[in-house]
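*Asks:* Numbering (our numbering), first residue to last: 22 to 474. Heads up, the beta-carbon is just placed ideally off N, CA and C, and yes, glycines get one too. First the structure, then my questions, so here it is.
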Ligand code: SF4
């Protein structure tokens, strides 16, 4: 994020660096609005007075990335002690006050439940240059955040948290340790935020949670189930599209499946983490479903919504994974014909059960499997995109396309299946938030090209 450096930037300039998932993106966007409503202004890292690094610890590498990022910030700011550096997100929760020793400029550590108090903490620490603060306590209930007094138009696509934390403790996952136990947000608070965003011009809402379809299944539940919440949000005036991430296959009940046929705004796209296609591996992961159950779920989704696009998360090289197990994973991918998938090599995460498992897979084997899996995914995804040429769909325009063709004014939006689509529209007009109907004329590697229908 780079903006002009002004005198304000020196005094109240801020810069946010974000790693990781949609929930981190949402947290950073909220913090940006909360700071802006306090008179802070976005600034380049070189001149910012406050620099926040919002971190992810799902895999080993991001952790190292945080330390190198802090090093680059020190260089860019000349190690200026007046610059307040804050570390937020999952690595902040995981390493806590250790950051004060690791990096001298760090004076604020913001854990997952500490985000709500971050704007006040930043203001306080700017007044007290020698003080350091760590907001690491977990809360037993969902902590509502202030509503930033931001003016004007909301983005066409909005993200809304409906819960925090996770109770599943999958054997490889650090999230329950860094995001805490699951706590659902009150339904009324979710609906109020959705209404506010729709009144401010949003057209599409994505509901967020680590285990979003477990909403209403914890001590903070207010009696509303996930499927009921989808209906309530889906019925809000002004909403054109509804999405949610990330569900757990074990928590997808028949009412959640039926919702794809019954709620017109609910988009025909579901990201459904698989992790492995082998029963033995799924059992060791503690995922709570087997291969047959996952395939059955995808089949029932396709029965109620035949055009639904399914994507997945997959881990290769989980301890004990045999070549046969890996082939089972590839087999499930073919059977489900995933539109896309996010795949990674297993890596030990501190404190997780799997980090103590014996039969670790050599990295070169994991990497070879990952390459094989990703080339299969390229095939599956490419065939799916090619099959879409000729279709007529509506787009929600989010902005201009990053790459422009001379003489054409290309805009980008997503179709109901969540695919980025580029289309040339009338020049010299802001098409953000419009929903044109277009005809797909060409498939790219991960996007589509269309023309107005
Ligand atoms: S459900 Fe997801 S967030 Fe929760 S422990 Fe499992 S992988 Fe992690």
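Confirm, please, whether the CB-CB distance from residue 297 to residue 365 is below 8 Å.
*Replies:* Taking 8 Å as the Cβ cut-off, residue 365 and residue 297 do not qualify as a contacting pair.
*Asks:* I need the straight-line Cα distance from residue 275 to residue 397, nearest angstrom please.
*Replies:* When rounded, the distance between both Cα atoms is 30 Å.
*Asks:* Closer than 7 Å: is that where the CB of residue 452 sits relative to any heavy atom of ligand 1?
*Replies:* The closest heavy atom of ligand 1 lies 7 Å or more from the beta carbon of residue 452.
*Asks:* First and last residue of the beta strand (DSSP E) that includes residue 441?
*Replies:* 441-445
*Asks:* Restricting to Cα atoms, I'd like to know which of 305, 313 and 358 is closest to residue 327.
*Replies:* 358
*Asks:* Could you give the first and the last residue of the continuous alpha helix (DSSP H) run that contains residue 352?
*Replies:* 344-357
*Asks:* Taking the CB atoms as reference points, tell me whether residue 307 and residue 155 lie closer together than 8 Å.
*Replies:* no
*Asks:* Could you pull out every unbroken beta strand (DSSP E) segment of at least 3 residues lying fully inside the stretch 355-390, listed in chain order?
*Replies:* Whole beta strand (DSSP E) segments, 3+ residues: 362-366.
*Asks:* Helix, strand or coil for residue 23? Go by DSSP, reduced to three states.
*Replies:* For residue 23, the pLDDT reaches just 43, beneath the cut-off of 50, and the residue's location in the model is therefore unreliable, although a value from the coordinates is still provided. Coil, per DSSP.
*Asks:* Just the Cα atoms here: how many angstroms apart are residue 34 and residue 140?
*Replies:* 13 Å
*Asks:* Taking the alpha-carbon positions, what's the residue 77 to residue 151 distance?
*Replies:* If you draw a straight line from the Cα of residue 77 to the Cα of residue 151, it comes to about 27 Å.
*Asks:* Measuring only the C-alpha atoms, how far is residue 133 from residue 412?
*Replies:* 42 Å
*Asks:* Buried or exposed for residue 120, please, with buried defined as at least 16 other CB atoms from any protein chain shown within 10 angstroms of its CB.
*Replies:* Counting Cβ neighbours within 10 Å, residue 120 comes out buried, since at least 16 surround it.
*Asks:* Under 7 Å from any heavy atom of ligand 1, does the C-beta of residue 197 make it?
*Replies:* Yes, since a heavy atom of ligand 1 falls inside the 7 Å radius drawn around the Cβ of residue 197.
*Asks:* For residue 277, which option in 240, 303, 236 and 257 has the closest C-alpha, if you only look at C-alpha atoms?
*Replies:* Residue 236 is the option with its Cα nearest to residue 277.
*Asks:* Can you tell me the Cα-Cα spacing of residue 253 and residue 108, whole angstroms?
*Replies:* 36 Å
*Asks:* Within 7 Å: the Cβ of residue 189 and any heavy atom of ligand 1?
*Replies:* Proximity of the beta carbon of residue 189 to ligand 1 is indicated: a heavy atom of the ligand is located closer than 7 Å.
*Asks:* If residue 470 sits next to residue 458, beta carbons under 8 Å apart, how far is it from one beta carbon to the other, in whole angstroms?
*Replies:* Taking 8 Å as the upper bound for CB-CB distance, residue 470 and residue 458 are not in contact here, some 15 Å apart.
*Asks:* DSSP three-state label for residue 234, please.
*Replies:* helix
*Asks:* Is residue 115 near ligand 1, going by C-beta to nearest heavy atom under 7 Å?
*Replies:* Residue 115: no, Cβ never under 7 Å from ligand 1.
*Asks:* With 16 other CB atoms within 10 Å as the buried threshold, where does residue 99 fall?
*Replies:* exposed
*Asks:* To the nearest angstrom, report how far apart residue 546 and residue 292 are at their CA atoms.
*Replies:* Outside the displayed span of the chain (22 to 474) sits residue 546, for which this structure offers no information.
*Asks:* Going by the DSSP bridge assignment, what does residue 315 pair with across the sheet?
*Replies:* DSSP output for residue 315 lists no bridge partner at all.
*Asks:* When the Cα of residue 402 is compared with those of 467, 410 and 370, which residue comes out closest?
*Replies:* 467
*Asks:* Ignoring anything shorter than 4 residues or poking outside the stretch 233-298, list the alpha helix (DSSP H) runs there in chain order.
*Replies:* 247-255 and 275-283
*Asks:* Run the CB neighbour count on residue 39, radius 10 Å, all protein chains shown included, and call it buried at 16 or more, exposed below.
*Replies:* buried
*Asks:* Assuming residue 205 contacts residue 241 (C-beta within less than 8 Å), just tell me the rounded distance between them.
*Replies:* 5 Å
*Asks:* Do residue 218 and residue 179 have their C-beta atoms within less than 8 Å of each other?
*Replies:* yes
*Asks:* Does DSSP put residue 479 in a helix, in a strand, or in coil?
*Replies:* Given that the chain is displayed from residue 22 to residue 474, the structure contains no residue 479 and the question cannot be resolved.
*Asks:* Among 74, 32 and 68, whose alpha-carbon lies nearest the alpha-carbon of residue 48?
*Replies:* Cα-wise, what sits closest to residue 48 is 74.
*Asks:* Use the C-beta contact count for residue 387: other C-beta atoms within 10 angstroms, 16 or more gives buried, fewer gives exposed.
*Replies:* buried
*Asks:* Just mark residue 509 as buried or exposed, buried being the case when its beta carbon has 16 or more other beta carbons within 10 Å.
*Replies:* Lying outside 22 to 474, the shown extent of the chain, residue 509 is not represented and no answer is given.
*Asks:* Contact defined as beta carbons within less than 8 Å: I believe residue 456 pairs with residue 415. What is the distance between those atoms, to the nearest angstrom?
*Replies:* 5 Å
*Asks:* Count the other C-beta atoms from every protein chain shown that fall within 10 angstroms of the C-beta of residue 347, then say buried if there are 16 or more, exposed otherwise.
*Replies:* Flag for residue 347 reads buried.
*Asks:* Count the other CB atoms within 10 Å of the CB of residue 23; is the residue buried (16 or more) or exposed (fewer)?
*Replies:* Low confidence applies to residue 23: its pLDDT is 43, below 50, so where it sits in the model is not reliable, and the reading given next is rough at best. Exposed, because fewer than 16 other Cβ atoms sit within 10 Å of the Cβ of residue 23.
*Asks:* For ligand 1, any of its heavy atoms closer than 7 Å to the Cβ of residue 232?
*Replies:* Distances between the C-beta of residue 232 and the heavy atoms of ligand 1 include at least one below 7 Å.
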